[in-house]
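As structure tokens, the structure follows; a few thoughts come after it.
Here's what the structure looks like:
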């Protein structure tokens, strides 16, 4: 890439020094303007897509959230009524609680499974570790709709293989998707099974950056496996962990596909999350204004968790 001309390079022998500097600055500014126009030309398509498909729909939805839009009427301004109605509706508050319960179940389970398997498959003496990495990653490339349909058949109490196998060893399981107690853990399990392989790959990449010398020094000092994990592995994975936590939290707050396919929010609304309620309010009850307001509340919850995680991680980095 050509470098910007310097003022000194524009000097001409015998010419007045001030005139040469002014001419050099003019050339430098002209070249800078040309670079700016080229840069704008490169990023303009991406900015256009961002404005058309992200910024405009977001601002439009924000405007809709203050109206009584149904999709079939001329929207009328109602102020904060939709937001007030959300925080006074028992069903909506239950959906927010279900979403937080989903996040609490999904986040630690997914991160723990991904980290444990990554550490296992990072061992150089493990046989067929390449094949095992592939097998564990494969569910991630499957559509969530397909995974939810498959697991719906697997746990079905009449035709499912899981209840059949467990019954053969004397364990009788209830209808998991019809149980208010077990429905949410079951849909969370499906999401964990599908996604933890992806985060395992991220942890594997992070483990490659942990210096082996630290493990050797810790072993010489007499540190056991658990102490090496706490004192070497976790500090070395701190940036990776921050990235994974943000991704997992973002995915947890947007849970919808497996819930729509496996439980339809039931039984007794015990699996109805905020995203599912946005769908039902907007496209079943045709309350677009309330659905838009609920989606912005969900965005606020996601932002709070993301910002809190970043603040904690930066504080830990300063304390190191």
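In the UniProt record's numbering, the protein residues as written are 1 to 320. Where a beta carbon is used, it is the ideal one built from N, C-alpha and C, also for glycine. Only a predicted model underlies this, so the values are computations on that prediction, with no experimental measurement involved.
If we ignore side chains and look at the alpha-carbon of each, how far apart do residue i and residue j end up?
i: residue 80; j: residue 284; result: 22 Å
i: residue 64; j: residue 87; result: 18 Å
i: residue 207; j: residue 46; result: 34 Å
i: residue 265; j: residue 145; result: 15 Å
i: residue 54; j: residue 61; result: 11 Å
i: residue 196; j: residue 282; result: 31 Å
i: residue 43; j: residue 49; result: 10 Å
i: residue 5; j: residue 30; result: Summary for residue 5: the model assigns pLDDT 47, below 50, so the residue's position carries little reliability, and this model does not support an answer.
i: residue 33; j: residue 26; result: 11 Å
i: residue 248; j: residue 21; result: 56 Å
i: residue 261; j: residue 152; result: 8 Å
i: residue 215; j: residue 116; result: 17 Å
Using 8 Å for Cβ pairs, my map puts residue i next to residue j. What's the rounded Cβ distance?
i: residue 184; j: residue 58; result: In fact, because the Cβ distance is near 30 Å, the residues do not count as touching under 8 Å.
i: residue 99; j: residue 273; result: 5 Å
i: residue 148; j: residue 190; result: 6 Å
i: residue 275; j: residue 255; result: 6 Å
For the alpha helix (DSSP H) holding residue i, just list the boundary residues, first then last.
i: residue 167; result: 161 to 168
i: residue 132; result: 129 to 141
i: residue 254; result: Careful: residue 254 lies outside any alpha helix (DSSP H) and carries neither H nor E.
i: residue 200; result: 183 to 208
i: residue 119; result: 90 to 121
i: residue 144; result: 144 to 154
i: residue 82; result: 81 to 87
i: residue 214; result: 212 to 220
i: residue 59; result: 56 to 64
i: residue 225; result: 225 to 228
Near residue i, which residues of its chain fall below 8 Å by C-beta distance, leaving aside the five closest residues on each side in sequence?
i: residue 78; result: 66, 67, 68 and 289
i: residue 94; result: 269 and 272
What does a CB cutoff of less than 6 Å around residue i pick up in its chain, not counting 5 residues either side in sequence?
i: residue 103; result: 252
i: residue 236; result: 210
i: residue 316; result: none
i: residue 313; result: 242
Here's a check: name, in chain order, each residue in its chain whose Cβ is nearer than 7 Å to the Cβ of residue i, leaving out the five neighbours to either side.
i: residue 161; result: 154
Cβ contact check for the region 174 to 184 and the region 76 to 90: 3 or more pairs under 8 Å: Cβ pair count under 8 Å is below three, so no.
The region 232 to 243 contacting the region 200 to 211, beta-carbon criterion three pairs below 8 Å: Judged by Cβ distances under 8 Å, the region 232 to 243 makes contact with the region 200 to 211, as three or more pairs qualify.
Stretch pair the region 293 to 303 + the region 120 to 138: three plus CB contacts closer than 8 Å: Segments in contact, no.
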